[in-house]
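Below is one structure, written out as structure tokens; the observations come after it.
In the numbering used here, the protein residues as written are 1247 to 1479.
Now the structure itself:
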């Protein structure tokens, strides 16, 4: 069972709206609800996902707190829960509808996690609206040609299908290779570039440099990796 905190939240305005004016509109924490999916059972899909449902018609940047639970819904106090997209830090912007974050577990009992309890520590109006469509990522080589994310890429092209600008961050994720019966999780997460604004029905190209370039060099043509863009601010 996943629980959200109570109390009023300041939530973002409708898509493309004025976030400053929307911030004065308060909604309850019950506008956010959560569902944890450890393993969807579908091949080629990510594990340890938190589905976030935002029922308020606007974009919200929540700060969430997580408690790991075992199969009997008992707390696992030695397990630390962190996130890939930053919903525990206010980095993830959630649109109206459903979005996701990816959870990571560490500490004694990490493999015993069957669920999580979620509480809303705070929420704020998003400074820019989250897109209704996932921003697509495409790895590019040094000549600008499309290649797979498993190869040694030099840039990432982002494509926004919405009719308003969006701001995203990119995560290059290395997945572990767990034994059968244990959910796969992100072993290493490296940001690619910084906050990037993409125009309506447009594209943006982010160069791969620094730590991101080193991670790509280290992991190309080998382990399972993902290249994901997520709404942020």
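Quick reminder that beta carbons are idealized off the backbone N, C-alpha and C, glycines included.
Quantities reported herein were computed from a predicted structural model and do not represent experimental measurements.
Under the three-state reduction of DSSP, which class applies to residue i: helix, strand or coil?
i, result
"residue 1478", "strand"
"residue 1277", "helix"
"residue 1462", "helix"
"residue 1347", "strand"
"residue 1358", "helix"
"residue 1457", "helix"
"residue 1331", "coil"
"residue 1303", "coil"
"residue 1290", "coil"
"residue 1364", "strand"
"residue 1216", "As shown, the chain starts at 1247 and ends at 1479. That puts residue 1216 outside it, with no answer to give."
"residue 1469", "coil"
"residue 1282", "strand"
"residue 1321", "strand"
Would you kindly work out how many angstroms separate the C-alpha atoms of residue i and residue j, rounded to a whole number?
i, j, result
"residue 1408", "residue 1379", "6 angstroms"
"residue 1461", "residue 1401", "13 angstroms"
"residue 1381", "residue 1404", "6 angstroms"
"residue 1330", "residue 1362", "15 angstroms"
"residue 1315", "residue 1418", "27 angstroms"
"residue 1464", "residue 1371", "38 angstroms"
"residue 1337", "residue 1391", "31 angstroms"
"residue 1438", "residue 1332", "15 angstroms"
"residue 1360", "residue 1347", "16 angstroms"
"residue 1414", "residue 1473", "13 angstroms"
"residue 1444", "residue 1388", "21 angstroms"
"residue 1318", "residue 1287", "21 angstroms"
"residue 1406", "residue 1448", "6 angstroms"
"residue 1479", "residue 1373", "7 angstroms"
Measure how close the beta-carbons of residue i and residue j come, nearest whole angstrom, since I'm counting them as under 8 angstroms.
i, j, result
"residue 1383", "residue 1446", "About 18 angstroms; that fails the 8 angstroms criterion."
"residue 1311", "residue 1365", "5 angstroms"
"residue 1412", "residue 1376", "7 angstroms"
"residue 1322", "residue 1355", "5 angstroms"
Cβ of residue i versus every heavy atom of the ligand ZN: is any distance shorter than 7 angstroms?
i, result
"residue 1383", "Although the ligand ZN was asked about, the structure shown includes no ligands whatsoever."
* Can we say the region 1339-1353 touches the region 1303-1314, given the rule of at least three CB pairs closer than 8 angstroms? -> Contact check between the region 1339-1353 and the region 1303-1314: three or more CB pairs, one atom from each, fall below 8 angstroms, which counts as touching.
* the region 1393-1400 in contact with the region 1420-1439 per 3-pair CB rule at 8 angstroms -> Fewer than three Cβ pairs drawn from the region 1393-1400 and the region 1420-1439 lie within less than 8 angstroms of each other, which leaves the two stretches out of contact.
* To do: Tell me the start and end of each unbroken beta strand (DSSP E) in the region 1368-1452 that is at least 3 residues and wholly inside, in chain order.
  => Runs found: 1382-1386, 1401-1405, 1412-1421, 1432-1444.
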